[in-house]
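Heads up, the thing below is written out as structure tokens.
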Amino acid sequence: MDTSEDILQQRSPDLVRGSETARPAKAARLSPSFISWLQAGPMMLVFLAFFLIPLVFVVIVSFWDYNEYQLLPAFSGRGYTDTFEGCIAQLPDLCTIAKTYLKTLKLCFLVWAITLFIGFWVAYFLAFHVKSKTWQMGLSLLCTIPFWTSNVIRMIAWIPLLGRNGLVNSGLMKTGLINQPVEWLLFSEFSVVLALVHLFTFFMVVPIFNSMIRIDKSLIEAAYDAGATGFQTLVNVIIPLAKPGIVIGSIFVITIVMGDFITIGVMGGQQIAAAGKIIETRVNALQFPAAAANAVILLVITFLIITMMSRIVDIKKEL
Amino acid sequence: MKEGRPRSFYVLAIFFAAYVLFLYGPMIAIYVLSFQGPQGGLTFPMNGVSTYWLTKLFQGTGIVDLGAAFRRSLLLGVIVMAVTVVLSVAAGMAFRRKFRAQSILFYSAIASLIVPSIITSLGISLEFRIVDDLIKAHWNENFETSMGLLTSGLGAHLTWTLPFGLLIMFAIFNRFDPRLEEAARDLGATPWQAFRHVVLPIILPSVIGIGLFGFTLSWDELARSSQAIGAVNTLPLDLQGLTTTVTNPDIYALGTIISAVSFAVITLALGTIHTLNRRQAAKGSDAGKGLV
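Chains as they are written, first to last, in my numbering: chain U, 1479 to 1797; chain A, 796 to 1087.
Below you can see the structure in the form of structure tokens.
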């Protein structure tokens, strides 16, 4: 490192003889670690100011008091007690917050299972069946482009299809399968799951594809040569080697759905309660400590899920 | 290698095609529906074909002040893009060496990516509220708010775009041959010259990719803006507001216009990347030319 940096200063061939001659020229030499700080510092500052400190504030404010219109900076557990109101008194019935989290987890599980299934096979097709690099690029791009367009638009896009007079209903009516429009197609749990799958399967495809593309093709040939069936190769070779991608994709999808309030709001007709939705409702009511308390609870649950999943794979090694 | 394709190929090809149809079909439906006739409704069939709803948006007689929100979103998107590119490239360069706090930055970026947006957004809004209260209490009673498009809004968007930028930089330098840079240094380039004339031209296509992510993610950002943008709305926020109230194709027209900008940016970026790649392939790297 040193020698090459010394040489950098030696523009003229006469100086090549001794490093001593070159040294004085670089009086203001910056140490490598200082340069690293300069390079990485600005990004670190952004995360500090707009991510890490805000998280600390969320935790602090969750222990503050509040009244109808403002924050009161005094210690109070009210944010939490309000949130868990009735959880013990109503036993054995579930309180609102428990019900909400159960529903969120259910949505989460459904979306996770479906995106995993679709994402796995889409990635599998791209990685193993598309042989030409150009086609692989083109088709991956085809899957990526919607990700660069607006989520809300991709939600709204379902309205003309699933609505009361939408394409699906009128199609079904015409074929005589139903006499009345099906109501549960839109603004229901069904449409929420559909939209979430539509929006976020991408987050499954990319990491799984990345894992699969790194699998040495000769391993698969070896498995065939050793007499494994296609199914055995899939289960014993491909899935284990694609596991890091599967885990990373799962973490993405699960955390997105756990905290989602927009898709659930728009596609659920603002009628479905969910973990993220509670926070939004509390903020709109200006009950910031209660919102913060809910955020802390959501954060803890999300963190637990991620820790459980990252036990399976070392994320840092995979990127 | 002329064996026929296995049956699984055809099954999966159909599956893939169905997935692509699932991705694009609904979007195409609303683009078509935004050209509804003046009497047209929210669903098919088309009631005539016109640009009535699109022009109505631009005349400002529609539901939102489209022009102002449009300019705000565009401004924010461009700034987010520029900052994301510069900070990601710089930080990406730093990660090629070991430095202290490396893993702190790495885990901050990953956490920023996966901590639910609503929490980040709420945190930023609390942070700015508390700062506002402090300013009001100690310095200026008439102070209104430090929250805004280019303060809290910009920060909120960066927490979403920077992790993508950093991950793309990791991907670039994973397959970057450091010998190219060493060669430049051996030939007498200063670190800056080596970066400017060797590293940058080679990574430029991917850097444009980072810009593409920076702009489009900001242009469409919603969850993080929701609490942190301050008093004004961005275009996606306006659009979301419309979903609960609107009963005519205005909303599709707005969606079509927002998408048109996205597609224009995507095409521009991909076109540039393609041209750069072709130039690199045809002429080899033009690295070093600037030195002579």
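Positions of the beta carbon are idealized from the N, C-alpha and C atoms, including for glycine.
Contact between the segment 1633-1643 of chain U and the segment 1685-1704 of chain U is absent: fewer than 3 CB-CB pairs across the two stretches fall below 8 Å.
For Leu1620 of chain U, the closest Cβ of chain A is nearer than 8 Å. With contacts defined by Cβ atoms closer than 8 Å, Ser916 of chain A and Ala1026 of chain A do not form a contacting pair. A buried status is given to Tyr1579 of chain U, since no fewer than 16 other beta-carbon atoms sit within 10 Å of its beta-carbon. Residue-level contact by beta carbon holds for Ile1784 of chain U and chain A, with a gap shorter than 8 Å.
The alpha-carbon separation between Tyr902 of chain A and Ser1020 of chain A amounts to approximately 23 Å.
Interface annotation for the segment 1650-1672 of chain U against chain A: empty, criterion Cβ-Cβ distance under 7 Å. DSSP places Ala1552 of chain U in the strand class (E or B) of the three-state scheme.
Burial check for Val1713 of chain U: the Cβ neighbour count within 10 Å stays below 16, so the residue is exposed.
In the same chain as Ser1001 of chain A, and ignoring 5 residues on each side of it, the C-beta atoms closer than 7 Å to its own belong to Ile963, Ile967, in chain order.
Those residues of the segment 1527-1546 of chain U placed with their C-beta closer than 7 Å to a C-beta in chain A are Ala1527, Phe1528, Phe1529, Leu1530, Ile1531, Pro1532, Leu1533, Phe1535, Val1536, Val1539, ordered along the chain. DSSP places Trp1613 of chain U inside the alpha helix (DSSP H), whose first and last residues are 1611-1622. Of all residues in the segment 1693-1726 of chain U, those with a C-beta nearer than 9 Å to a C-beta of chain A are Gly1708, reading in chain order. Distance from the CA atom of Thr1038 of chain A to the CA atom of Leu1572 of chain U, rounded to whole angstroms, is 32 Å.
The beta carbons of Leu1065 of chain A and Ile1053 of chain A sit about 19 Å from each other, so the pair does not count as a contact at 8 Å.
For Trp1515 of chain U, the enclosing alpha helix (DSSP H) covers residues 1510-1525.
For Leu1550 of chain U, there are no neighbours in chain A by C-beta distance under 9 Å, as the nearest C-beta there is about 11 Å away. Secondary structure in the segment 877-906 of chain A: no alpha helix (DSSP H) run of 4 residues or longer lies completely within the stretch. Ranked by Cα distance from Ile1575 of chain U, the options U:Cys1586, U:Leu1583, U:Thr1561, U:Leu1588 are led by U:Thr1561. Straight-line measurement puts the Cα of Ser1689 of chain U at about 45 Å from the Cα of Gln831 of chain A.
Residues Asp1543 of the same chain have their beta carbon placed closer than 6 Å to that of Ala1552 of chain U, with the five preceding and five following residues left out of the count. Two segments are said to touch when three or more pairs of C-beta atoms, one from each, lie closer than 8 Å; by this definition the segment 1671-1685 of chain U touches the segment 1727-1737 of chain U.
Any Cβ of chain A closer than 8 Å to the Cβ of Gly1616 of chain U would place that residue at the interface, and such an atom is absent. Chain U places a beta carbon closer than 8 Å to that of Thr1039 of chain A, counting this residue as a contact.
The beta carbons of Met876 of chain A and Phe990 of chain A sit no closer together than 8 Å. Interface criterion not met: the Cβ of Ile967 of chain A is under 8 Å from no Cβ in chain U. Cβ-Cβ separation between Ala1023 of chain A and Ala951 of chain A: approximately 4 Å, consistent with a contact (criterion under 8 Å). Residue-level contact check: Phe853 of chain A does not touch chain U, since none of the beta carbons of chain U fall below 8 Å from its beta carbon. Under the three-state reduction of DSSP, Asp927 of chain A is assigned to helix.
Using beta-carbon distances, Gly1557 of chain U does not count as an interface residue toward chain A, since no partner is under 8 Å. Judged by DSSP secondary structure, Trp1542 of chain U falls outside any alpha helix (DSSP H) and instead within the beta strand (DSSP E) spanning 1542-1544. Straight across, the Cα-Cα distance linking Ser1540 of chain U with Glu1758 of chain U is about 15 Å. Interface with chain U (8 Å Cβ-Cβ cutoff): Thr838 of chain A is included.
Around Trp1599 of chain U, the beta-carbon contacts reaching into chain A at under 7 Å are Leu807, Phe810.
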